[in-house]
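**Q** Take this structure, written in structure tokens, and hold onto it; I'll ask about it next.
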Amino acid sequence: DFHLAEPLGSALEALAARGLRLHAAVGGPQEADEFQTEPLRVPAEPDDLWALVVGPEDSGPSEESLAQCQHRVHVVLRHSGTMEPGHAAAICLYGLASPRD
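In the numbering used here, the protein residues as written are 296 to 396.
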């Protein structure tokens, strides 16, 4: 399901309280901060409940949203630049939902 929530912070708190793992889509490994980013070759566990947080192309998810997410994922790009958020979301959703080999 796709959901747009306002205010986002409250929605993320509610999802985490229900046991969902929160994944933030970031621009790449350079945005790891204190978190380890995960390339999309590592999908979520099969029985996990999870949500993906995607932000605008130029800035990504807000700092407040990133602080609430347990994991950061990124799409590996062959060339520098950014990816349209809808395309990045589709790739991230596919990667997270794909079964493990």
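Using N, Cα and C, we set each Cβ at its ideal position, and we do this for glycine too.
(1) Spatial neighbours of L344 within its chain, please: C-beta separation below 8 Å, excluding the five flanking residues on both sides.
(2) Using the C-alpha atoms, what's the distance from V371 back to P356?
(3) With respect to the alpha helix (DSSP H) encompassing H382, which residues constitute its N-terminal and C-terminal limits?
(4) Taking the beta carbon of H374 as the centre, do at least 16 other beta carbons fall within 10 Å, making it buried, or is it exposed?
(5) By the three-class DSSP mapping on this structure, what secondary structure does L317 have?
(6) Mind checking which residues open and close the alpha helix (DSSP H) that includes F310?
(7) Starting from the C-beta of P302, find all residues in its chain whose C-beta is less than 7 Å away, skip the five residues before and the five after it, and write them out in chain order.
(8) Just the Cα atoms here: how many angstroms apart are P380 and G350?
**A** Let me spell this out:
(1) R313, G314, L315, R316
(2) 18 Å
(3) 380 to 392
(4) exposed
(5) strand
(6) Before going on, a small fix: residue 310 reads as Leu here, not Phe. 303 to 312 is the span of the alpha helix (DSSP H), which, as asked, contains L310.
(7) none
(8) 7 Å
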